[in-house]
Amino acid sequence: RIALERHDWEAARTLVVGTPSTVPWDQYPQFAAIVEFARGLGAARTGHWGDAGAALDALSDLRSRAAELPIQYDWATQVEVQMLTLRSWMAHGQGNIEEGLALMRQAADLEASTEKNPVTPGEVLPAAELLGDMLQAQGLREDAALAYEAALARTPNRRNSLIGAGRSPAPR
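Reminder that position 73 of the sequence shown reads as 151 in the numbering used here, one-by-one numbering, no gaps.
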C-alpha cells in the first residue's frame, strides 16, 4: 500500500509476492492478488510490459482461486477490478488511450457495483481514483473531477483523491 499510495511505481514493481514467508499465502489468494496488482501496476506505469503481463497472468490464476473461497464476500470480483485496472494502464501506457480509458471506466463501474468488505481498509487504490488519474493525464480535467468525486463518495478523505480533485476544476 505504501508504494502505491506514494505512486512509487518502481518500488511497487519490485515487491515480492509471498513476503513475509510466515503467512500461508496459498490460503489467501485475495491478498496475494494485492501484491500482484501492485507489481503489475508498477510495471505498467514504468513501461515494463513483460512484468505487467506476468502480473496479469498471475492475477487471472488468483481470481480463479479467490472464486473458490468458502466465504460470502466476492473476492473474485475485486481481483477482476484489479485485472481490468492493470489492463487499462497497460493499454494507456502503450498509447492505446481510448482502450485504456474504456477499461478503466469498466473497472470503476464494476468496483462501484460491489460492497466494500467491512474488515479491510478498502480497495488498494480505488478504481475511480485511478480513472481520475488517467483522465487528468489526458487533460480531461472536468471528467477527472467527476471521477475523483466518485472515489471520495466511496472512500471519503482519501489523500490522493483529494489532491486529484483539487487539481481538477469543478464539473459544470
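Backbone N, C-alpha and C define an ideal beta-carbon position, used for all residues, glycine too.
Beta carbon of residue i nearer than 8 Å to that of residue j
i, j, result
"A121", "V159", "no"
"L134", "G118", "yes"
"E114", "V95", "yes"
"T192", "Q150", "no"
"T163", "A205", "yes"
"R91", "D129", "yes"
Euclidean distance between Cα positions of residue i and residue j
i, j, result
"S138", "Y106", "15 Å"
"E207", "P98", "29 Å"
"A169", "S142", "23 Å"
"A222", "L181", "15 Å"
"A243", "A231", "12 Å"
"A225", "G210", "5 Å"
"A110", "H85", "20 Å"
Option in the options with minimal Cα separation from residue i
i, options, result
"G217", "H85, A136 and R245", "R245"
"A81", "V202, P102 and D211", "V202"
"E88", "P102, Q108, A110 and R123", "R123"
"E177", "L213, A154, G128 and E189", "L213"
Terminal residues of the alpha helix (DSSP H) in which residue i lies
i, result
"R165", "W153 to G171"
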